[in-house]
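Before any comments, here is the structure.
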Amino acid sequence: MDSLAVIVARRKRQDKLFGALGIACTSLGLIMLVVLLGDLMYQGFGRINWQFLTSFTSRRAGSAGILAAWVGSLAVMCITGLTAVPLGVAAGVYMEEYGRKGRINTIIEVNIANLAGVPSIIYGLMGLGVFITLFDFGRSFLTGGLTLALLILPIVIVATREALRTIPVHVREAAYALGATKWQVVRHHLLPYSLGGITTGVIIAMSRAIGETAPLIAVGAVAYLASLPQPAPFSGEFPFVSFEWIESPFTVLPILMFNWTSRPQADFQSNAAAAGLVLIAITLSLNAIAIFIRYRARRRIKW
Amino acid sequence: MATPGALLDVAPTVDRDPIARLVQRRQWTNFAAGSVMFAAAASSIVVTCSIVGILLFESITFFTQTVSPIDFLTDTMWTPQFANPRYGILPLVTGTLVTTFVALSIALPVGTIVAMYLSEFAPHAVRETIKPLLEMLSAVPTIIYGYFALQFMTPLLQKFVPGLPTFNMLSAGIVMGVMIIPYVSSLSEDAMRSVPMLLREGAYAMGANKVHTGFHVVFPAAFSGIASAYVLGVSRAIGETMIVAVSAGMQANLTFDPRQPAETITAYIVQVSQGDLEHGSPGYQSIFAAGITLFAMTLTFNILGHQLRKRFRQAY
């Protein structure tokens with residue numbers, strides 16, 4: 001039988017050892033992140049210049065650029081955002097404020113939880129089957145944007161619900177007591193107060209969408225595109241604005257990076273790294289903005 | 001939600017009453033807004049139905065016209081591009097399972113230890129800084145991980161594993177595991193932290209140290225939450241596409257050796273979608289058959305996770 005002092009010493013040693021193991025494992029993740037960024041920087045930073053950002057892709061790695069890809073990413077994000085945000089916020093408000101205890105609400109809730117677990121490539125297959133084959137939207141910006149919108153819909157809904165849930169009940173009760181209808185409560189109180197939380201969720205969802213590759217391959221994004229969205233959305237002639245570009249073939253940054261990654265030549269690999277750097281810069285700054293907004297919103301509102 | 005019936009109660013009989021008109025208008029707006037929002041919420045059900053419907057429709061045509069479901073599930077060759085194509089899903093399933101296994105054998109232990117460390121050992125300030133940093137790992141687009149696996153991890157592993165081919169499941173699985181760590185650690189840590197302090201204090205009072213308390217008190221008490229974190233990790237790994245498509249190879253290969261190249265279900269869908277697909281061709285239908293297999297696998301794990309959560313839920 002060990003003496004008490006020995007047992008205590010052993011147990012303290014156990015704690016120290018596990019603490020060290022914990023730090024090691026935690027750093028493993030962080031080190032990987034640093035190595036990943038460092039590797040991208042090392043391989044790709046030299047390729048990033050004005051020419052790279054303003055040229056179309058090319059068969060020669062040295063003169064290839066990402067113009068069509070980043071404009072395409074931006075255009076797809078517009079369609080995705082314009083679809084997913086109103087739809088997701090409305091659905092979130094309904095579930096949190098209107099249909100609280102209903103049976104339908106339970107079904108929708110389980111359904112959204114399951115949708116969030118569906119692999120992204122499956123959304124691509126659905127986009128292929130529904131938007132391209134059934135609705136005949138073609139392999140276009142519209143199809144790509146809508147597919148990603150459905151993909152991030154659960155994220156937007158969950159974010160909206162969580163933001164609404166942090167608003168105390170007495171805010172609602174006070175508004176009702178003054179004779180407001182449910183819609184007025186939502187419109188004048190709940191939406192403004194939850195704006196910070198919803199915006200955070202939307203930005204995180206968008207940063208997820210902008211990095212998605214697999215579903216867009218399934219709906220036929222092209223890697224080799226040497227034109228901006230056609231016809232141009234703005235023109236000097238009446239009616240000045242045209243939306244026909246949403247039916248033209250599309251490409252996005254991750255697709256171009258995938259195409260470059262799957263080529264054997266080393267020059268294309270550094271192009272891929274450079275495209276990856278641009279992509280990761282966009283993603284991480286979106287995330288940083290989201291964290292900042294969340295922080296600001298939390299500080300400003302005191303119930 | 002307001003019903004049209006409620007509107008009738010306030011519908012003014014005296015048309016000149018301004019307040020009644022105001023109320024009526026508001027109730028109409030309220031009803032309209034409620035209906036629109038209900039439609040938005042219901043649209044999520046339409047999404048699910050169209051996913052299931054499209055997958056079923058195309059793969060049923062595939063199973064009746066091209067290959068019987070029994071051959072699909074038992075044949076050991078997946079050679080759709082051959083003159084005499086064979087559609088046995090098994091090689092793709094083993095590819096998926098092996099990469100998933102490699103990824104999880106990193107993500108589950110490391111994720112659990114990180115969660116335990118952050119919840120039980122780390123000071124508050126450390127936890128609040130580390131958690132968002134770790135979550136950035138899961139914010140990195142997966143195509144970048146694919147590039148990283150092919151261009152960094154594989155050359156690195158080739159120094160330790162002699163004869164490792166350029167495309168292999170090992171490096172894809174390891175990188176995937178790193179990507180999944182924050183999914184596991186974040187949710188597990190939330191679960192561990194929601195275990196009431198009373199339980200820990202009880203253990204400390206009996207003379208237990210932190211390791212003991214962590215593994216024998218906190219871990220079992222938080223198990224329902226931890227289990228759902230694990231399940232989320234599993235279904236992420238099964239459904240992960242770009243990492244394996246880039247770095248594990250695009251040749252179906254029935255093997256359990258992670259050093260070999262092999263194609264996963266997701267990578268096959270990517271490979272075929274890259275070409276020009278004619279609607280109604282066997283190639284077109286085969287990606288839906290592969291898709292429904294994938295969908296069934298992740299759904300099984302999601303349901304399993306739900307059951308686990310119910311079974312081990314502790315109420316305090």
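Chains as they are written, first to last, in the numbering used here: chain A, 1 to 303; chain B, 1 to 316.
Ideal Cβ placement from N, Cα and C applies to all residues, glycine included.
What you are looking at is a predicted structure, and each value in this text was computed from that prediction instead of being measured.
Whole-angstrom Cβ separation of residue i and residue j, contact assumed at under 8 Å?
i                      : j                      : result
residue 169 of chain B : residue 258 of chain B : 5 Å
residue 80 of chain A  : residue 163 of chain A : Between residue 163 of chain A and residue 80 of chain A the Cβ distance is about 20 Å, and since that is not below 8 Å, they are no contact.
residue 144 of chain B : residue 279 of chain A : 7 Å
residue 52 of chain A  : residue 274 of chain A : 6 Å
residue 222 of chain B : residue 191 of chain B : 4 Å
residue 54 of chain B  : residue 124 of chain A : Going by Cβ atoms, the distance from residue 54 of chain B to residue 124 of chain A rounds to 11 Å, so no, they are not a contact pair.
residue 249 of chain B : residue 263 of chain B : 6 Å
residue 152 of chain B : residue 39 of chain A  : 5 Å
residue 136 of chain B : residue 284 of chain A : 7 Å
Helix, strand or coil, according to DSSP, for residue i in the structure here?
i                      : result
residue 317 of chain B : In the structure as shown, chain B begins at 1 and stops at 316. Residue 317 of chain B is therefore absent and cannot be evaluated.
residue 77 of chain B  : coil
residue 248 of chain A : coil
residue 194 of chain B : coil
residue 270 of chain A : helix
residue 140 of chain A : strand
residue 161 of chain B : coil
residue 5 of chain B   : Residue placement at residue 5 of chain B is flagged as unreliable, the pLDDT there being 47, under the threshold of 50; the coordinate-derived value follows with that caveat. The answer is helix: DSSP assigns residue 5 of chain B an H, G or I state.
residue 96 of chain A  : helix
residue 257 of chain B : coil
residue 235 of chain B : helix
residue 140 of chain B : coil
residue 9 of chain A   : helix
residue 192 of chain A : helix
residue 166 of chain A : coil
residue 302 of chain B : helix
residue 224 of chain A : coil
residue 122 of chain B : coil
Can you tell which of the options has its C-alpha closest to the C-alpha of residue i?
i                      : options                       : result
residue 206 of chain A : A:249, A:257 and A:287        : A:287
residue 156 of chain B : A:27, A:35 and A:123          : A:35
residue 123 of chain B : A:19, A:276 and A:14          : A:19
residue 239 of chain B : A:215, A:261, A:228 and A:253 : A:215
residue 117 of chain B : B:29, B:210 and B:153         : B:210
residue 254 of chain A : A:290, A:70 and A:284         : A:70
residue 59 of chain B  : A:24, A:189, A:126 and A:31   : A:126
residue 142 of chain B : A:195, A:99 and A:212         : A:212
residue 275 of chain B : A:264, A:220 and A:256        : A:220
residue 43 of chain B  : A:49, A:62 and A:87           : A:87
residue 182 of chain B : B:153, B:229 and B:146        : B:229
residue 137 of chain A : A:247, A:120, A:47 and A:198  : A:247
residue 139 of chain A : A:7, A:259 and A:229          : A:229
residue 197 of chain B : B:133, B:217 and B:277        : B:217
residue 23 of chain B  : A:209, A:178 and A:292        : A:178
residue 188 of chain B : B:17, B:57, B:119 and B:86    : B:119
residue 225 of chain A : A:11, A:31, A:56 and A:10     : A:56
Is the beta carbon of residue i less than 8 Å from the beta carbon of residue j?
i                      : j                      : result
residue 185 of chain A : residue 172 of chain A : yes
residue 251 of chain A : residue 65 of chain A  : no
residue 227 of chain A : residue 44 of chain A  : no
residue 115 of chain A : residue 47 of chain B  : yes
residue 201 of chain A : residue 155 of chain A : yes
residue 102 of chain B : residue 225 of chain B : no
residue 66 of chain B  : residue 88 of chain B  : no
residue 172 of chain B : residue 235 of chain B : no
residue 163 of chain B : residue 122 of chain A : no
residue 200 of chain B : residue 213 of chain B : yes
residue 329 of chain B : residue 139 of chain B : This structure cannot speak to residue 329 of chain B, because chain B is shown only from 1 to 316.
residue 121 of chain B : residue 22 of chain A  : yes
residue 72 of chain B  : residue 289 of chain B : yes
residue 207 of chain B : residue 104 of chain B : no
residue 120 of chain A : residue 241 of chain B : yes
residue 91 of chain B  : residue 76 of chain B  : yes
Strictly below 8 Å CB to CB, what residues from chain D border residue i?
i                     : result
residue 39 of chain A : Within the model displayed, chain D is absent; protein chains A and B are what it includes.
Is the beta carbon of residue i within less than 7 Å of some heavy atom of the ligand HEM?
i                      : result
residue 281 of chain B : With respect to the ligand HEM, the structure offers nothing, as it holds no ligand at all.
Please identify, using Cβ separations under 9 Å, the residues of the region 11–31 of chain A that lie next to chain B, in order along the chain. Those residues of the region 11–31 of chain A that come within reach of chain B (Cβ to Cβ, closer than 9 Å) are 11, 12, 14, 15, 17, 18, 19, 21, 22, 23, 24, 25, 26, 28, 29 and 30.
Compile a chain-ordered list of the residues in the region 203–216 of chain B whose CB is closer than 7 Å to at least one CB of chain A. So the close ones are 209, 210 and 211.
Give, in chain order, every residue of the region 122–136 of chain B whose Cβ lies closer than 8 Å to some Cβ of chain A. Those would be 122, 130, 132, 133, 134 and 136, in chain order.
Of the residues that make up the region 49–67 of chain B, which ones have a beta carbon closer than 8 Å to any beta carbon in chain A? Under the 8 Å Cβ criterion, the region 49–67 of chain B contributes 50, 51, 54, 55, 57 and 58.
Pull out every residue of the region 45–64 of chain A whose Cβ sits closer than 8 Å to any Cβ of chain B, in chain order. None of the residues of the region 45–64 of chain A has a beta carbon lying less than 8 Å from any beta carbon of chain B.
Taking beta-carbon pairs under 9 Å, can you tell me which members of the region 189–203 of chain A lie near chain B? Residues passing the 9 Å Cβ filter: none.
Any residues in the region 187–203 of chain B with a beta carbon nearer than 8 Å to a beta carbon of chain A? Which ones, in chain order? Taken residue by residue, none of the region 187–203 of chain B has a beta-carbon sitting less than 8 Å from a beta-carbon on chain A.
Short of 7 Å Cβ to Cβ, which residues in the region 264–294 of chain B face chain A? Answer set for the region 264–294 of chain B: 266, 269, 270, 273, 274, 279, 287, 288, 291 and 294.
Short of 8 Å Cβ to Cβ, which residues in the region 256–269 of chain A face chain B? Considering only beta carbons, the part of the region 256–269 of chain A lying closer than 8 Å to chain B consists of 257, 258, 261, 262 and 269, in chain order.
Just by C-beta distance, which residues in the region 173–190 of chain A are closer than 9 Å to chain B? If the cut-off is 9 Å between Cβ atoms, the region 173–190 of chain A has 179, 180, 181, 182, 183, 184, 186 and 187 near chain B.
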